[in-house]
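Chains A and B, in that order, give the protein sequences.
Using this note's numbering, the first residue of the first sequence is number 12, and each one after it goes up by one.
Using this note's numbering, the first residue of the second sequence is number 173, and each one after it goes up by one.
This report concerns only the one structure given below.
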Amino acid sequence: MTEREETQLELADAELDCVKAQALRAPGLGEHDAQLHEVWKPRKGWVGWLMTGDHKRLGILQIVTAFIFFLLGGLEAMLMRLQLMRAENNLLSADLYNQIFTTHGTTMMFLFAVPIMQGFGIYLVPLMIGTRSIAFPRLAAFAYWTYLAGGIMLYTAFFLGIGPDNGWFSYVPLANSDFSPGKRADYWAQMITLTEISSMATAIQLIATIFKMRAPGMSLNRMPLFVWSILIQSFVVVFAMPAVATASGMLASDRLIQTKFFQIAQNGDAILYQHLFWYFGHPEVYLIFIPALGIVSTIIQTFTGRSIFGYLPLVLSIVSTGFIGFGVWVHHMFATGLPQLSQSFFTAASLVISIPTTVQIYCWIVSLWRGKPRFTTALLWVLGFVQVLVMGGLTGVMLASVPFNTQVHDTYFVVAHFHYVLIGGAVFPLFGGIYYWFPKITGRTLGETLGKWNFWLFLIGFNVTFFPMHILGFIGMPRRVYTYLPQMGWDNLSLTATIGAGILFTSVWLFLINAAKALRRPVLALDNPWHADGLEWATSSPPPVYNYKRLPVVESRDPLWKRTDPMPVLTGLDETKHEVVITSVLDAIPSHREHLPGASPWPFVLAIVVSGGLWVLVYTSYAWWPSLLLIGAIIVAWYYRNSKTERSGAGGF
Amino acid sequence: MKWISPALLLTPRLTLASALGGNQSALNPHGPLASRISELWWYMFAVLTAGYVVTLVILFWALRQGRRGKRPDLIKSRNVVLIWGLAIPGVVFTSVLFYSVLVGQTMSVDPYKNALTIHITGKQWWWQVRYLHGSDVIADTANEIHVPVGVPVKLKLSSTDVIHSFWAPNLSGKMDLIPGRTNETWIRADKEGVWRGACAEFCGVQHAHMAFEVIAEKSDKYYQWLDWQRHPAITPTTDQQRHGLMTFVTGPCGMCHAVRGTTAHGSAGPDLTHLAGRRTIAAGTLPNTRGHLGGWIVNAQGPKPGNYMPRLNMEPEQLDSLLSYLEILK
Chain A
12 MTEREETQLE LADAELDCVK AQALRAPGLG EHDAQLHEVW KPRKGWVGWL
62 MTGDHKRLGI LQIVTAFIFF LLGGLEAMLM RLQLMRAENN LLSADLYNQI
112 FTTHGTTMMF LFAVPIMQGF GIYLVPLMIG TRSIAFPRLA AFAYWTYLAG
162 GIMLYTAFFL GIGPDNGWFS YVPLANSDFS PGKRADYWAQ MITLTEISSM
212 ATAIQLIATI FKMRAPGMSL NRMPLFVWSI LIQSFVVVFA MPAVATASGM
262 LASDRLIQTK FFQIAQNGDA ILYQHLFWYF GHPEVYLIFI PALGIVSTII
312 QTFTGRSIFG YLPLVLSIVS TGFIGFGVWV HHMFATGLPQ LSQSFFTAAS
362 LVISIPTTVQ IYCWIVSLWR GKPRFTTALL WVLGFVQVLV MGGLTGVMLA
412 SVPFNTQVHD TYFVVAHFHY VLIGGAVFPL FGGIYYWFPK ITGRTLGETL
462 GKWNFWLFLI GFNVTFFPMH ILGFIGMPRR VYTYLPQMGW DNLSLTATIG
512 AGILFTSVWL FLINAAKALR RPVLALDNPW HADGLEWATS SPPPVYNYKR
562 LPVVESRDPL WKRTDPMPVL TGLDETKHEV VITSVLDAIP SHREHLPGAS
612 PWPFVLAIVV SGGLWVLVYT SYAWWPSLLL IGAIIVAWYY RNSKTERSGA
662 GGF
Chain B
173 MKWISPALLL TPRLTLASAL GGNQSALNPH GPLASRISEL WWYMFAVLTA
223 GYVVTLVILF WALRQGRRGK RPDLIKSRNV VLIWGLAIPG VVFTSVLFYS
273 VLVGQTMSVD PYKNALTIHI TGKQWWWQVR YLHGSDVIAD TANEIHVPVG
323 VPVKLKLSST DVIHSFWAPN LSGKMDLIPG RTNETWIRAD KEGVWRGACA
373 EFCGVQHAHM AFEVIAEKSD KYYQWLDWQR HPAITPTTDQ QRHGLMTFVT
423 GPCGMCHAVR GTTAHGSAGP DLTHLAGRRT IAAGTLPNTR GHLGGWIVNA
473 QGPKPGNYMP RLNMEPEQLD SLLSYLEILK
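Below, the structure written as structure tokens:
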């Protein structure tokens, strides 16, 4: 520390101080680094992974797990395409096909899309806002392990041949015990409950982290757009997920302890379930899409080398998408016979929600126009995103129209639409994000040549697969059919779609090869290979366990591009403990230091007991009391150990 | 190159042909609702495709201009976002809203108070179709809806098991059949013909094989059909047919199926009083021929695995006489 000067920040804690230092990362491991490393390092070996509260480890675990589920879901899709490539194909039986499409949908929505976005949030948010950890490391660990348990539960059932077969929405009365005897629907309901617990825990975590742990000076209006998108996503999760957890809980209790929520003969209601499910189900689409918007803005800003145009409209768009997303769910129910007036309201809301997206699209177009685009693979994925998402958005506008919706609802037109929206709106940005942040996470870049093959094959394969499905919907092909009659005339378009799926399959293989090759290369010398301005690039790539040697102080919206040199940093934290600085919600003024708990086995154990309890409940309702007793005991142990390690300040992170 | 030519080169032409035609197509409307919806679709298709093309053109143009160093100032940037991102989409989406509310009114308003009413009940995995006079069932058939051409017909839709959805795209949009509720919709076929429809809500293992046909006929032909449906089944005339009737009522058939005028009163499966007059069996899955019917009776689990009709073991001569009997049930 060569220079030292006061900044204008108000410091509530006398021990906190702002200092200007040459760099956030000193070359070589000095004594200071060794001390920080000692305090924040995880335990060695696999025990360290089981007990870790390190957001980077948990983020990587979650991203990799979600990606594996993406591959599984993709293989299921491939099987379905092979079955449908010609009329009356016998590759899959009706029962197996129904299990596969249910597992495909459930996997992609609950085990891939939401978790991978949250995984990126867990990994990146603390780095982007300049802190050393997320707010509740143990809760984050618990969230990851429950999510993993939910996934294992679904796939155990699937591989045992008792996979859920009622669709990812599991409508009643089809999912009632009368029409779905056996344990399939129970597995689905319990797995939903588990993944929702996980998502909500992560969302609460991210909100607390973003609101209270931003670097001094990073007021809300200086927050990176990706952090904004994760914040809004987390709020949407907090308000949407309880609805589906309620629905899945009611369904499970109908099936397991004979409650009568959805038993038609006992005055239960089938439509109630649909309202609960879609009140979550549509915001679900947006909570997948919203982080992707943040990724797109980040990539465009970096590769145009200029601040994004329209920060304010972009933020307002994300916020309003999050809000209006709660007012459109009935457009999934236009064929249920609801009154015309109420349907018109939802038509209007479903149209209005397109406006924030068109505003954003044009903000990005103008940003590209104003900057000097560098056509890296990451930026190509963003351009592909525009081609695909806009088409999906426009078919979405059509679907908002009640009369038109009643024609194409539950047909392949809708299958085409939501794949354009979800793959376009989430998977394209996600691949862009992976190409973009791969160097941050691993210290190595993915190959650009293979990357471009990966991108172009994906774009072509995607359009060849899904575009023909629009037409299939018009010519009468309903969704979720395991086969069709030869005279229907759907063969050619179906075969085309299957060929496209083969191209997609090849593309994803290329990505895996690319990743495998990259991981075998030595670590880059460069910490910021893209010359990006996000705070996450201020530390080394991959980041040290403690994220930042000195915690940064933010002076502008573009912390690395527009900054005083040397960059100001914060001092005064006790570096012998897991200490972070807590700042105010709006202006990020430091208020106090917070001591975070370290590594602990209890989150993992609790996740095992919660998921094990839900699992045993499928077979006997008496499991509730031993589960509750165990959970209570573990929570006591968790808090007891917590206070002990806090006193000693030891035990790894 | 020979191996790709048949499948791929024909695709565009076949696509166009089948998109415009087909008896299960939303773009080949033959009823007022389907027509209004398809007009609405072509309107949306035109304006939104234009919007799509414009957006991509602006994107590529912007990339090119940017490369040439012709970058917009702040005012111009703002105007692009306000005009193309906000104002124009706003106007277009508002027009879609008004147009679809207008079309929606045609659908929801019930302009025909005393219209002919048909009761359709969804079952796993077939359609029960009943014509009522007061509370008397005057016709009870399955998977076939006979309607007079040019006359609006009200459909009362319900279900006795799970949710199904009624969809005959050439005539109208879909409406769900929900247990515990009765939904109403109406159709009018403007042209004679057979319009095919299918269940559109996933309803279990054989959702894929739950189709039906709407048969639109001239009024006199329709009333002739309806009159005939009131009659009980034809009595057998030959020994073989009589033997077949015995097989039907004493064997497992009569436990699930009814043939009015006999002692078979089962209600789990479709009423077979006028089976031979139907075009298809197994809910639009197979054509109603002697061969298919025989195959269906002995092995219903073959073409439609998981449906509720069990495999039946029958002696060949027993099956033969049963088929001879079923064939006379015009």
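From the three backbone atoms N, C-alpha and C, an ideal C-beta is built for every residue, glycine too.
In this text, all values refer to a predicted model and were calculated from it rather than measured experimentally.
So is residue i buried or exposed if we call it buried at 16+ other beta carbons inside 10 Å?
i, result
"E487(B)", "exposed"
"V621(A)", "buried"
"H542(A)", "exposed"
"H305(B)", "exposed"
"V307(A)", "buried"
"N643(A)", "The sequence given here has Gly at residue 643(A), not Asn. Under this definition G643(A) is an exposed residue."
"K295(B)", "buried"
"I329(A)", "buried"
"V263(B)", "exposed"
"W520(A)", "exposed"
"D245(B)", "exposed"
"W156(A)", "buried"
Using a cut-off of 7 Å between C-beta atoms, extract the partners of residue i located in chain B.
i, result
"V413(A)", "S272 and G276"
"L405(A)", "L220, G223 and Y224"
"G178(A)", "F374"
"N109(A)", "V377"
"M128(A)", "Within chain B, no residue comes near M128(A); the closest Cβ sits about 24 Å away, beyond 7 Å."
"I275(A)", "P351 and G352"
Could you check the C-alpha separation between residue i and residue j for me, to the nearest Å?
i, j, result
"N187(A)", "F273(A)", "8 Å"
"H4(A)", "H606(A)", "Nothing about residue 4(A) can be reported from this structure: the residues present for chain A run from 12 to 664 only."
"F469(A)", "A360(A)", "32 Å"
"T507(A)", "W339(B)", "26 Å"
"L483(A)", "I510(A)", "15 Å"
"V341(A)", "L349(B)", "17 Å"
"Q73(A)", "Q216(A)", "15 Å"
"Y215(B)", "F121(A)", "36 Å"
"L504(A)", "F300(A)", "28 Å"
"F81(A)", "G463(B)", "46 Å"
"L93(A)", "L102(A)", "8 Å"
"T406(A)", "L491(B)", "52 Å"
"Q201(A)", "I163(A)", "12 Å"
"I282(A)", "T332(B)", "15 Å"
"A536(A)", "T456(A)", "11 Å"
"S245(A)", "E373(B)", "32 Å"
"E356(B)", "V492(A)", "26 Å"
"D197(A)", "V438(A)", "30 Å"
Whose C-beta lies closer than 7 Å to the C-beta of residue i among residues of the same chain, with five residues either side of it excluded?
i, result
"V253(B)", "none"
"L47(A)", "Y557, K560 and E586"
Identify, in the order they occur along the chain, each residue of the same chain with its Cβ nearer than 6 Å to the Cβ of residue i, setting aside the five sequence neighbours on each side.
i, result
"T270(A)", "S264"
"M252(A)", "E207, S210 and M211"
For residue i, write down the residues that DSSP places opposite it in a beta bridge.
i, result
"R250(B)", "DSSP lists no partner for R250(B)."
"C371(B)", "F338(B)"
"G294(B)", "W299(B) and S331(B)"
"D308(B)", "H305(B)"
"R604(A)", "V592(A)"
"G403(A)", "Its beta-bridge partners do not exist; DSSP assigns none."
"F384(B)", "G369(B)"
"K326(B)", "T289(B) and W358(B)"
Can you find the residues in the same chain that come closer than 8 Å, C-beta to C-beta, to residue i, ignoring five residues on each side of it along the sequence?
i, result
"H381(B)", "W297, A454, A455, G456, T457, P475, K476 and N479"
"I310(B)", "Y303, L304, L398, Q401 and R402"
"L501(B)", "A405, I406, V431, L444, T445, H446, L447, A448 and G449"
"V470(B)", "R483, L484, N485, M486 and L491"
Cβ-heavy atom distance between residue i and the ligand ATP below 7 Å?
i, result
"A372(B)", "Looking for the ligand ATP in the displayed structure turns up nothing, as the structure carries no ligands at all."
So with CB distances below 8 Å, who are the chain A contacts of residue i?
i, result
"G194(B)", "I486, G487 and G500"
What in chain A is Cβ-close to residue i, meaning under 7 Å?
i, result
"I209(B)", "P414, F415 and Q418"
"D348(B)", "A346, T347 and G348"
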